[in-house]
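Trainee: Can you keep this structure in mind? I'll have questions shortly.
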Amino acid sequence: MLELKNIRFDVQEGHQEIEIIRDVSMTIPDNKFVVITGPNGGGKSTLARLIAGIEKPTAGTILLDGEDITEKSITDRARMGISYAMQQPVRFKGIEVIDLLRLASGKKLSVGEACMYLSRVGLCAKDYINREVNASLSGGELKRIEIATVLARGTKLSVFDEPEAGIDLWSFQNLIQVFEQMRDSIKDSSILIISHQERILEIADEIIVVADGTIDRMGPRDEILPSLIGTTSAVGACVPMGGRPASVPPIPTDENGNPIPKSREKSGESVLPVSGSGEKGGQA
Ligand SMILES: Nc1ncnc2c1ncn2[C@@H]1O[C@H](COP(=O)(O)OP(=O)(O)O)[C@@H](O)[C@H]1O
Ligand SMILES: [Mg+2]
14 MLELKNIRFD VQEGHQEIEI IRDVSMTIPD NKFVVITGPN GGGKSTLARL
64 IAGIEKPTAG TILLDGEDIT EKSITDRARM GISYAMQQPV RFKGIEVIDL
114 LRLASGKKLS VGEACMYLSR VGLCAKDYIN REVNASLSGG ELKRIEIATV
164 LARGTKLSVF DEPEAGIDLW SFQNLIQVFE QMRDSIKDSS ILIISHQERI
214 LEIADEIIVV ADGTIDRMGP RDEILPSLIG TTSAVGACVP MGGRPASVPP
264 IPTDENGNPI PKSREKSGES VLPVSGSGEK GGQA
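In case it helps, our numbering puts the sequence shown at residues 14 to 297.
Here is the structure:
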């Protein structure tokens, strides 16, 4: 179980102190599949980096199974069972994909085992197993390789930051299956995914909405998801006759097929942004 207690994260910009995370407290219980969502720039990736130890909070405490890990390094946390797949994966010159998978798993994976992890993320294993993890791989390929390494690690807490970013639709279907399998086989561990994708939100046990550096709301999926669907600004925009743009989530309807009124919208702001990260650097 991971606990964040009154976490703050400020950065200094010139003479100004900017609050990026403002007093976030949350618990990621064991055996849960938790999804963090919310508008771009809300602080989701920063939270993931704070959990992984890439950034240290300005104030507050992070506990893993009751042990204070706030001051622990990335390596210590990785050893203690936190694994993290970044929004923008890194490249390692001179290392082959199979080496990366072996490093991640911490054991001498057979080629067959390594291939299995690659297949699970929709990569044809024989084409990739001996590829060098360098600039010749596309962002989407790197992202999948990174997800495969997290699968190979199989740790207590797996954190994925927008795993869908830069992945084509076909692979996305496979990815959903990978996450469904992970959720179904969760055992004494938990999964934390940052995502805007409705398909991923739909399989969450718990949903946490982070906006403006703080928790807007959180709770079981059935409680939170209905309040998110239909809040996208794009849903209120032009919907073409006989269809809708692929990137726009479906318009919620009641049991009679009538659209649910927008009255549930919270002050008209977009809480569930249109799919794709739209983040700095864009699609890889
Ligand atoms: N180290 C930093 N220095 C300055 N600004 C930062 C830093 N880290 C994050 N930010 C800013 O904090 C906000 C939240 O960023 P981020 O956590 O990436 O949001 P999200 O992942 O929800 O889109 C953004 O406005 C971002 O530019
Ligand atoms: Mg982000």
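Glycine is no exception: its CB is placed at the ideal position from the N, C-alpha and C atoms.
All values reported here derive from a predicted model rather than from experimental measurement.
Going by beta carbon distance, what residues of the same chain come within less than 8 Å of aspartate 81, once the five residues before and after it are set aside?
Mentor: Hits under 8 Å: Thr74, Ile75.
Trainee: Is glycine 152 helix, strand or coil when you go by DSSP?
Mentor: Looking at glycine 152 - three-state DSSP - the assignment turns out to be helix.
Trainee: Can you list every residue whose CB sits closer than 5 Å to some heavy atom of ligand 1, going in chain order?
Mentor: Going by the Cβ distance cut-off, the answer is Val24, Ile33, Asn53, Gly54, Gly55, Gly56, Lys57, Ser58, Thr59.
Trainee: Whole angstroms is fine: what's the gap from alanine 127's alpha carbon to glutamate 193's?
Mentor: Alanine 127 and glutamate 193: Cα-Cα distance of roughly 20 Å.
Trainee: Start and end of the alpha helix (DSSP H) containing arginine 21?
Mentor: That residue, arginine 21, is in no alpha helix (DSSP H); its beta strand (DSSP E) goes 15-26.
Trainee: Residue range of the beta strand (DSSP E) that arginine 230 falls in?
Mentor: Its beta strand (DSSP E) spans residues 227-233.
Trainee: Are methionine 99 and aspartate 174 closer than 7 Å when you measure CB to CB?
Mentor: Result yes, Cβ atoms of methionine 99 and aspartate 174 sit closer than 7 Å.
Trainee: Would threonine 50 and isoleucine 33 qualify as a contact pair, given that the criterion is a beta-carbon distance under 7 Å?
Mentor: Their beta carbons are not under 7 Å apart, which means threonine 50 does not touch isoleucine 33 by this criterion.
Trainee: Taking contact to mean at least 3 C-beta pairs separated by less than 8 Å, is the region 112-124 in contact with the region 222-232?
Mentor: Because the criterion of three Cβ pairs below 8 Å is not met, the region 112-124 and the region 222-232 do not touch.
Trainee: In this structure, how does DSSP classify aspartate 218 when only helix, strand and coil are distinguished?
Mentor: The answer is coil: DSSP assigns aspartate 218 none of H, G, I, E or B.
Trainee: Give me the Cβ distance between aspartate 23 and serine 203, rounded to the nearest whole Å; I'm assuming they're in contact under 8 Å.
Mentor: With 8 Å as the limit, aspartate 23 and serine 203 do not qualify as a contact, their Cβ atoms being about 28 Å apart.
Trainee: Report all residues from its chain with a CB closer than 8 Å to the CB of serine 132; omit the five preceding and five following residues, and keep chain order.
Mentor: Excluding positions up to five away in sequence, the list reads Ala138.
Trainee: With 16 other CB atoms within 10 Å as the buried threshold, where does threonine 88 fall?
Mentor: Flag for threonine 88 reads exposed.
Trainee: With DSSP as the reference, label glycine 159 as helix, strand or coil.
Mentor: The residue asked about is misnamed: residue 159 is glutamate in this sequence, not glycine. If DSSP states are grouped into helix, strand and coil, glutamate 159 belongs with the helices.
Trainee: Can you give me the C-alpha to C-alpha distance between leucine 136 and leucine 116, rounded to a whole angstrom?
Mentor: Computed Cα separation, rounded: 19 Å.
Trainee: For isoleucine 264 and glutamate 215, what's the separation of their Cα atoms in angstroms?
Mentor: Its pLDDT being 47, under 50, isoleucine 264 is placed unreliably in this model, and the coordinates cannot settle the point.
Trainee: When DSSP builds the beta bridges, which residues end up paired with isoleucine 75?
Mentor: Its beta-bridge partners are Leu17.
Trainee: Can you say whether leucine 15 is buried or exposed, counting buried as having 16 or more other CB atoms within 10 angstroms of its CB?
Mentor: The residue is buried, with at least 16 neighbouring Cβ atoms inside 10 Å.
Trainee: Please look up how many angstroms separate the CB atoms of isoleucine 160 and valine 146, rounded, as I've assumed it's under 8 Å.
Mentor: About 14 Å; that fails the 8 Å criterion.
Trainee: Can you tell me whether DSSP reads glutamate 68 as helix, strand or coil?
Mentor: Reduced to three states, the DSSP call for glutamate 68 is coil.
Trainee: Indicate whether isoleucine 64 and valine 134 have their beta-carbon atoms separated by less than 7 Å.
Mentor: It is not a contact, given that the beta carbons lie outside the stated cut-off.
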